[in-house]
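And the structure:
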């Protein structure tokens, strides 16, 4: 991995901040009744997707769970259109038919946004299969929540990926709770990264609050997978500041636990490094903050003013 | 005391076998457990062991002889000092006898009946490219897959035992040899996993043909079929389609009981985003499978194990296809319409012959071919002509394809009906194992005849 430059720091900070501001705004719009249904926020987990982003090739594919807003932003997708999907409007990435949990951008190799726990794991494995079948050097990054790590199809996918040496990088985002159930109440054996061992898949555990650790691990694992060695598992230890979804008061955990994690806030860590390395002044950071806030405010404005899908859209896109 | 060695039934649907090789010769002494012959069945070539002991007195068939019915004597063993009379025609067809069907019927099909031959409809006989040779449904499916794989490198096949084993029902025979292991993939017994994988591959632009060993096992994978394959085009606002064919045998085979004998046609037909096809002859199997493989949407292709041996002519043009969503009027008639699909077409044809003979009823038979999208136009036009309708299908009665057809017909052709619509379905119970109960469970020719009489007010 080449040494991170000033521009890399600015990129990391900007993306992480953009995700956080976006999610805060989404929560606000949800409270106003502008966003319906389920809405799962990524606040606290920003270093995971942004760390991986720093190692990505744009022709690589990505597939993730329903906690997907941050993943789309990190993929460079337009926050206006993401927010418009959350508000269920025609300018949304799925034309208002998918919502928060089901968003896709084929041209950016972003394959969702899946609402069924675990289902994206075989799918991502199949996308990796296609990269290999077509003789491409690309890999598919398949994100998995800790909750899905007890789901049977995940292990079926692991077996197939290793058996057929598929270029898939599994990234477990262990945010400690599958909805309201803590990992230790759900998983027998807490080292989720070791769950590929039986299939011959190497794995490692990474501090997901620290973007630099994520970058290092993702870079190493990505190379391993890209070189045709088969799948690799990274378990990223992270934490979501908010509840599972907007309707979750998160009473299953203590305030102390949350405060503790906030001490190692991923955005603050990058900011401190930038200042220390003199890659940015306080004024410059302040400008990024202001611009980001503005951009997200505009996205929200756009999303609540975008028209609802036409009634005739009800019957389109069922078949091609 | 001599003992006859009979042609064994080595699979649930086997009705006859080929004697590929003798492993014993006249005069040999055999003990129980000794290998005596290699028999080729409808599914595989298997070695057969002796159960009784003695000296081989006679081998009644030569190596290479084919189509020897199950339960026919193939060899005689016993005491060489005892005089033996070799019967020319040994007693056979114990099993088949139980299922014996009505006489004087040209088109016969029964669960255990061997070498069923389809009588093509007049319309098909007009087809200029019709082959002079009759091939089995199994071969028609195989050929079509091979033809499409030759045309498009993105088409590949995966499933349990599809490659080295040559297919659990031999439908993929020879594909591994021609296309190699990159395009013909044996999967572990892992339906949920490999179905999701195939769906992901289809999202990314490949065109998988996924074989379920039987559709009963598709239940393990149903989340990926419904929630991923069928819905993603819609959820992505039209961005991501899923060009995949899920195929394999559906419905009852023979005495494989509840967990292996379910008809899923109405389950899948309920789902927007899926297309559902159920071929009934080698001819339409070829045309429909080609359409399914070229379709940009997920297609459920419901084959029938008993029909795999059905022989009939096919269209040999490698571009011949039958459009999805179009029913076939198998037989025109004026008195009553039977709407059916898959294996029940054969039973309906048989019923129609008897209804003509015994009650002078002129039956129109519609073979749906595609269940979703449903060709309601052809059904309605027929009902408007005959004014009477029965639906015949193997699935359970509650919420079946026939239920939906009944609804459509009462809604759109109410004034044309001269009697209520009657549905003929399987019994509303899990499939029993016993041969006698299995027959009761499945719709039989007599059930169709009784339904036809009822809608025609014949006592």
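Chains as they are written, first to last, in my numbering: chain A, 4 to 323; chain B, 30 to 488. Ideal Cβ positions, reconstructed from N, Cα and C, are used throughout, including at glycine.
query: Sequence-distant residues of its chain with Cβ nearer than 6 Å to residue 287/B (five each side left out); result: 459 and 460
query: Alpha carbon of residue 462/B to alpha carbon of residue 42/B, nearest angstrom; result: 14 Å
query: C-beta atoms of residue 155/A and residue 143/A nearer than 8 Å; result: no
query: Rounded distance between the beta-carbons of residue 311/B and residue 147/B, thought under 8 Å; result: 7 Å
query: The stretch 62-75 of chain A in contact with the stretch 126-141 of chain A per 3-pair CB rule at 8 Å; result: yes
query: Bounding residues of the beta strand (DSSP E) (the contiguous stretch that carries residue 237/B); result: 236-240
query: Contact test: residue 30/B Cβ vs the ligand COA heavy atom, cutoff 7 Å; result: No copy of the ligand COA occurs in the structure displayed, which carries no ligand at all.
query: Same chain, Cβ closer than 6 Å to residue 350/A, five either side skipped, listed in chain order; result: Not covered by the structure: residue 350/A. The range shown for chain A is 4 to 323.
query: Contacting positions in the stretch 230-260 of chain B - beta carbon closer than 7 Å to chain A; result: 230, 232, 233, 234, 235, 252, 253, 256 and 257
query: Three-state class that DSSP yields for residue 240/A in the structure shown; result: strand
query: Closest by C-alpha distance to residue 107/B, when choosing among 69/B, 332/B and 60/B; result: 60/B
query: Segment contact, 8 Å Cβ cut-off, at least three pairs: the stretch 360-370 of chain B with the stretch 388-400 of chain B; result: yes
query: Member of 76/B, 69/B, 104/B and 74/B whose CA lies at the smallest distance from the CA of residue 56/B; result: 104/B
query: Length of the line joining the Cα atoms of residue 95/A and residue 111/A; result: 15 Å
query: Buried versus exposed call for residue 195/B [16 or more other C-beta atoms within 10 Å across all chains shown]; result: buried
query: Residue burial classification, residue 208/A (beta-carbon count within 10 angstroms, cutoff 16); result: buried
query: Where residue 114/A falls: helix, strand or coil (DSSP); result: strand
query: Run of the beta strand (DSSP E) containing residue 86/B, from where it starts to where it stops; result: 83-88
query: Residue-level contact to chain A via CB, residue 325/B, 8 Å cutoff; result: yes
query: Within 8 Å, strictly: CB atoms of residue 186/B and residue 201/B; result: yes
query: Close Cβ partners of residue 136/B (< 6 Å) along its chain, the five nearest in sequence each way excluded; result: Residue placement at residue 136/B cannot be trusted, given a pLDDT of 34 that sits under 50; the coordinates are not used to answer.
query: Contact under 8 Å by Cβ, residue 175/B with residue 204/B; result: yes
query: Under 9 Å from the C-beta of residue 162/A: neighbouring residues of chain B; result: 217, 219 and 222
query: Presumed contact (8 Å Cβ cut-off) between residue 77/B and residue 95/B, rounded CB distance; result: At roughly 16 Å, the Cβ-Cβ gap does not stay under 8 Å, so residue 77/B and residue 95/B are not in contact.
query: Validate contact between the stretch 158-174 of chain A and the stretch 194-205 of chain A using beta carbons, cut 8 Å, 3 pairs; result: yes
query: Outcome for residue 293/A when other beta-carbon atoms lying within 10 angstroms are tallied against a minimum of 16; result: exposed
query: Helix, strand or coil at residue 261/B [DSSP, three-state]; result: helix
query: Sequence-distant residues of its chain with Cβ nearer than 8 Å to residue 132/B (five each side left out); result: Low confidence applies here, because residue 132/B scores a pLDDT of 33, under 50, leaving its location unreliable and the question unanswered by this model.
query: Neighbourhood of residue 317/A by C-beta, 8 Å cutoff - its chain only, sequence neighbours within 5 removed; result: none
query: Pair within 8 Å by beta-carbon distance, residue 407/B and residue 329/B; result: no
query: Straight-line Cα distance separating residue 167/B from residue 19/B; result: Here chain B has residues from 30 to 488 only, and residue 19/B is not among them.
query: Identity of the residue in 316/B, 338/B, 360/B and 333/B nearest residue 348/B by Cα; result: 316/B
query: Run of the alpha helix (DSSP H) containing residue 298/A, from where it starts to where it stops; result: 285-308
query: Pairwise C-alpha distance: residue 295/A and residue 302/B; result: 40 Å
query: Per-residue DSSP class, three states only, for residue 275/B; result: strand
query: Cβ of residue 21/A within 8 Å of any chain B Cβ; result: no
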